[in-house]
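Sequential numbering from 4 applies to the sequence shown in our numbering.
C-beta: ideal position from N, C-alpha, C; glycine also.
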Amino acid sequence: MQSRNNYLEALGIPDFLYSKIYSDKETSTSSNIILVEFNSEISFCEPGECQDLLIKMLASIELNLGNVDLISIEKSMVDEFIKSNSSKVILVMDSSFGSNEPIYFSTHHPKDILKNSKLKRESWEVLKKIKQCLK
């Protein structure tokens, strides 16, 4: 992110136009939620349309990138990762992932929602459940 900001600065773009992504937790709450994607060509971990939509999705449940941890892993490693993690909520951004555990959720990846806006409703329902879980 810093190299991107240096690039924008070199172009003379004012810093108030930079995308603000905070890797250090600036909020008083610790990260209780982890967003997982399976290695994707269009990642929400990188700036772009996917991340912009993810930011809007998080804002709809009163979260921001400072409240969550974003990871991109191989699908085969997700079970091991989940077992070794103590977060309050884990959201896997892949609708094919399923779990009966109450802290694990899955929904559509932002790239899929961008391609098909009909997926928004289903994703919104999952986000509302997550908001309830975080209370």
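Short check: CB of residue i to CB of residue j, under 9 Å?
i, j, result
"CYS48", "LEU66", "no"
"VAL95", "ILE36", "no"
Which residues mark the beginning and the end of the alpha helix (DSSP H) in which residue i is found?
i, result
"SER75", "From DSSP, SER75 is part of no alpha helix (DSSP H) but of the beta strand (DSSP E) over 71-76."
"CYS53", "52-62"
"SER120", "Careful: SER120 lies outside any alpha helix (DSSP H) and carries neither H nor E."
"LYS138", "It is not in any alpha helix (DSSP H) - LYS138 carries neither H nor E in the DSSP assignment."
Output the boundary residues of the beta strand (DSSP E) element that contains residue i.
i, result
"LEU38", "36-41"
"ILE93", "92-95"
"SER109", "107-109"
Taking C-alpha atoms, which residue in the options lies nearest to residue i?
i, options, result
"SER109", "ARG124, ASN119, SER46, LEU130", "LEU130"
"GLU44", "LEU38, CYS53, ILE36", "CYS53"
"ASP97", "LYS86, ILE116, ASN88", "ILE116"
At least three beta-carbon pairs within less than 8 Å, the segment 123-138 to the segment 78-90: no
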